[in-house]
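Chains as they are written, first to last, in our numbering: chain Z, 41 to 324; chain G, 28 to 239.
Beta carbons are placed, not taken as given, at the ideal position from N, Cα and C, and that holds for glycine.
Here the structure is a predicted model, which is why all the values come from computation and not from measurement.
What follows is one structure encoded as structure tokens, with my remarks underneath.
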Amino acid sequence: MTRNLRARSFICAAVTGLIGSLAAPLHAADADHVSVELISEHVALAPGQSQQFGILLRHEPDWHTYWINPGDSGLPTTLAWTLPPGVKTQDIAWPMPKRFEVGGLYNFGYDGEVVLPVAMSVPADAAPGSKAHIAVDAKWLVCREECIPGRKTMTLDLPVATKDNPPKPDGRWTMQFSRARLAEPQATAWKATNAAEGDRIVVTLRGPSLPNADGLDAFVEQKKLVDNKPPRIRREGDALIVDFGKSEYFGTPPETFDLVVTQPSAAGVRGWRVQVPFAANAAP
Amino acid sequence: MTKKAMDLEIAMTPRITLIAAALAFAAPAFAAPVVGKPAPDFSVTDASGKTQSLAAYKGRTVVLEWNNPECPFVGKHYGAKNMQAQQAEAASEGVVWLTVNSGASGKQGHLDGAAANAYVAKVGGKEAAYLIDGDGKVGHAYDAKTTPHMYVIDKDGVLRYMGGIDSIASTDKEDIPKATQYVRQALAEIKDGKAVSVPTSEPYGCSVKYGS
Numbered sequence: 041m042t043r044n045l046r047a048r049s050f051i052c053a054a055v056t057g058l059i060g061s062l063a064a065p066l067h068a069a070d071a072d073h074v075s076v077e078l079i080s081e082h083v084a085l086a087p088g089q090s091q092q093f094g095i096l097l098r099h100e101p102d103w104h105t106y107w108i109n110p111g112d113s114g115l116p117t118t119l120a121w122t123l124p125p126g127v128k129t130q131d132i133a134w135p136m137p138k139r140f141e142v143g144g145l146y147n148f149g150y151d152g153e154v155v156l157p158v159a160m161s162v163p164a165d166a167a168p169g170s171k172a173h174i175a176v177d178a179k180w181l182v183c184r185e186e187c188i189p190g191r192k193t194m195t196l197d198l199p200v201a202t203k204d205n206p207p208k209p210d211g212r213w214t215m216q217f218s219r220a221r222l223a224e225p226q227a228t229a230w231k232a233t234n235a236a237e238g239d240r241i242v243v244t245l246r247g248p249s250l251p252n253a254d255g256l257d258a259f260v261e262q263k264k265l266v267d268n269k270p271p272r273i274r275r276e277g278d279a280l281i282v283d284f285g286k287s288e289y290f291g292t293p294p295e296t297f298d299l300v301v302t303q304p305s306a307a308g309v310r311g312w313r314v315q316v317p318f319a320a321n322a323a324p
Numbered sequence: 028m029t030k031k032a033m034d035l036e037i038a039m040t041p042r043i044t045l046i047a048a049a050l051a052f053a054a055p056a057f058a059a060p061v062v063g064k065p066a067p068d069f070s071v072t073d074a075s076g077k078t079q080s081l082a083a084y085k086g087r088t089v090v091l092e093w094n095n096p097e098c099p100f101v102g103k104h105y106g107a108k109n110m111q112a113q114q115a116e117a118a119s120e121g122v123v124w125l126t127v128n129s130g131a132s133g134k135q136g137h138l139d140g141a142a143a144n145a146y147v148a149k150v151g152g153k154e155a156a157y158l159i160d161g162d163g164k165v166g167h168a169y170d171a172k173t174t175p176h177m178y179v180i181d182k183d184g185v186l187r188y189m190g191g192i193d194s195i196a197s198t199d200k201e202d203i204p205k206a207t208q209y210v211r212q213a214l215a216e217i218k219d220g221k222a223v224s225v226p227t228s229e230p231y232g233c234s235v236k237y238g239s
């Protein structure tokens with residue numbers, strides 16, 4: 041995404057933040073405590089292109105659903121797609137999670153309004169003018185303190201556009217997809233190493249534009265690697281140190297793991313993602 | 028006791044106290060028990076008002092099951108009769124199955140004794156006892172995080188399994204036949220004098236609704 045688009049999205053998010061708070065009651069979720077909708081960024085499919093879809097979740101106040109790693113309890117939202125021939129989806133591009141704490145147990149997920157973005161590739165030979173039937177079976181667990189599992193099958197029927205008439209954005213969801221791009225942790229050029237120090241897994245990050253440690257939080261996508269308590273985060277010279285407790289369920293470590301670092305600020309949460317090679321000496 | 032020995036004892040007392048205090052502070056708030064080590068003992072009242080302790084069952088294998096009747100993950104395993112079937116199997120093998128509710132008063136799923144007995148009758152539970160742990164002492168001693176969260180303790184009081192009831196984290200009953208039932212597997216292996224092949228797994232479910 042270009043800097044320009046990001047800046048524009050930011051203004052857009054700030055403005056709708058205000059509007060959103062006024063309009064919130066209109067979006068009140070149904071009796072299931074979260075409303076769930078399949079949305080497409082464009083009004084049609086473009087042959088040979090990759091385009092954005094998403095699951096729009098609007099949570100009732102105090103209720104949340106889960107990140108790919110839900111933490112001490114909970115379940116991540118899952119999607120099972122039924123697609124026209126040749127159309128393929130990628131996995132959910134998980135937005136930056138929030139940390140929820142209840143009674144000393146930690147969960148990672150989303151409250152308020154969030155889009156779980158999914159990139160969809162359309163085959164080059166999709167017939168212009170034909171209708172594409174896209175269906176998704178979504179399953180989620182929504183919790184306050186108590187939890188309720190939910191499931192919904194959603195469909196979209198979109199025309200396939202011609203090459204010389206590319207599909208327009210769907211104006212209903214422009215803001216949602218702009219915000220989704222902002223909620224995505226940014227790729228970084230940081231170099232990450234990790235080491236086991238007793239019952240800790242300590243990640244050292246070096247590289248351009250490392251944030252200060254103040255207010256940072258960090259999350260690991262893979263389960264059974266680090267525990268779910270907030271990590272100890274500090275700067276040591278040019279390095280950012282993220283010091284996790286080792287998971288009590290630590291088993292066979294992956295070759296690499298995915299770390300997401302988040303930084304709340306007045307302008308919204310920023311976040312970065314970095315792949316960490318798992319050091320052999322960190323084995324139990 | 029000689030004077031020297033007495034002096035020594037007096038001299039050592041404060042130091043031991045200090046070490047004990049330091050250990051108490053150094054230990055994590057809710058340290059998890061360790062598979063292969065003695066399981067924490069407890070003393071807690073069951074739904075019928077009887078005091079239950081782990082020590083009382085020395086010589087028998089014990090299963091602990093964390094429960095919250097209103098949790099959908101618990102509902103999955105009771106709705107499909109998976110939990111009751113395993114409770115009945117355990118009972119027939121002389122295994123003591125104790126269901127524990129660490130939900131604090133006022134939190135979802137908390138039961139008093141009468142309500143717990145009614146729940147067990149309604150779902151056809153076959154556990155030996157249903158423990159009311161409203162202050163969360165047993166739950167914290169075992170670092171129980173979810174409902175369900177399962178522990179298997181052998182006849183010598185050693186923890187042999189802790190983790191999920193099975194291998195597929197979901198609220199779908201249809202997943203039960205496809206999943207490895209870790210508690211059933213551990214009990215069979217212990218009975219045969221074997222090592223438990225999966226001694227820990229990550230539990231899945233609702234958070235235990237502790238009061239503090």
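For G/Phe-69, there is no enclosing beta strand (DSSP E), as DSSP marks it with neither H nor E. Assignment of beta-bridge partners to G/Trp-93 by DSSP yields G/Val-127. Selection Z/Ala-166, Z/Gly-111 and Z/Asn-268 evaluated against Z/Ala-201 yields Z/Ala-166 as nearest (Cα-Cα). A check of alpha carbon separations from Z/Glu-224 across Z/Asp-283, Z/Cys-183, Z/Leu-245 and Z/Lys-138 identifies Z/Lys-138 as the nearest.
Taking 8 Å as the upper bound for CB-CB distance, Z/Val-158 and Z/Thr-129 are in contact here, some 5 Å apart. By the beta-carbon neighbour count (other beta carbons within 10 angstroms, threshold 16), G/Ser-197 is buried. One finds Leu-115 in chain Z with Cβ atoms closer than 8 Å to the Cβ of G/Ala-196, taken in chain order. Rounded to the nearest angstrom, the gap between the Cα atoms of G/Leu-138 and Z/Ser-75 is 31 Å. Boundaries of the alpha helix (DSSP H) around Z/Arg-221: 214 to 223. Among the CB atoms of chain Z, one or more fall inside 8 Å of the CB of G/Glu-229.
Rounded to the nearest angstrom, the gap between the Cα atoms of Z/Asp-278 and Z/Leu-115 is 37 Å. G/Gln-135 reaches chain Z at Glu-185 and Glu-186, counting residues in chain order whose Cβ is nearer than 7 Å.
Contact check for Z/Ala-232 and Z/Val-242: beta-carbon distance about 11 Å, past the 8 Å limit, so the pair fails to qualify. Here Z/Lys-203 is not near Z/Arg-240, since their CB atoms are 8 Å or more apart. Z/Glu-237 carries a strand assignment under DSSP once its states are collapsed to helix, strand and coil.
In the three-state DSSP reduction, G/Tyr-146 falls in the helix class (H, G or I).
The beta-carbon of Z/Lys-231 is placed no less than 8 Å from the nearest beta-carbon of chain G. Put simply, the CB of G/Glu-97 is near chain Z, with a gap under 8 Å to one of its CB atoms. When beta bridges are read from the DSSP output, Z/Asn-147 appears opposite Z/Gly-111 and Z/Phe-140. Exclusion of the five residues before and after Z/Arg-191 leaves Lys-179 as the residues of its chain whose Cβ lies within less than 6 Å of its Cβ. Lys-263 and Lys-264: these are the residues of the segment 255 to 279 of chain Z whose beta carbon lies less than 7 Å from some beta carbon of chain G, given in chain order.
Taking all protein chains shown into account, Z/Ala-307 has fewer than 16 neighbouring C-beta atoms within 10 Å of its C-beta and is therefore exposed.
Scanning the segment 156 to 210 of chain Z for uninterrupted beta strand (DSSP E) segments of 3 residues or longer gives 171 to 183 and 187 to 199, listed from N- to C-terminal end.
Using a Cβ-Cβ distance cut-off of 8 Å, the segment 88 to 96 of chain G and the segment 209 to 225 of chain G are in contact, since at least three pairs of beta carbons, one from each stretch, lie closer than that value.
Leaving aside the five residues that flank Z/Lys-171 on each side, the residues in its chain whose CB is nearer than 8 Å to its CB run, in chain order, Asp-197, Leu-198, Pro-199 and Val-200.
Contacts between Z/Pro-189 and chain G, judged by CB atoms closer than 7 Å, involve Pro-99 and Thr-198 in chain order.
If you ignore the 5 residues before and after G/Pro-67, its C-beta comes within less than 7 Å of the C-beta of Pro-60, Ala-168 and Tyr-169, all in its own chain and listed in chain order. For Z/Arg-275, there is no enclosing alpha helix (DSSP H); the residue is part of the beta strand (DSSP E) that begins and ends at 272 to 276. Of the residues G/Lys-221, G/Lys-200 and G/Tyr-237, the one whose Cα lies closest to the Cα of G/Lys-103 is G/Lys-200.
The segment 245 to 254 of chain Z makes no contact with the segment 116 to 136 of chain Z: fewer than 3 CB pairs, one atom from each, lie closer than 8 Å. Your pair G/Ile-159 and G/Asp-73 checks out as a contact, with CB atoms roughly 7 Å apart and the cut at 8 Å. Here G/Cys-233 is bridged, per DSSP, to G/Thr-174. About 5 Å separates the beta carbon of Z/Gly-149 from that of Z/Thr-105, a gap short enough to meet the 8 Å contact definition. Closest by C-alpha distance to Z/Leu-299, out of Z/Asn-205, Z/Val-314 and Z/Asp-254, is Z/Val-314. According to DSSP, residue pairing for G/Tyr-188 in a beta bridge involves G/Val-179. C-alpha of G/Gly-136 to C-alpha of G/Lys-85: approximately 30 Å in a straight line.
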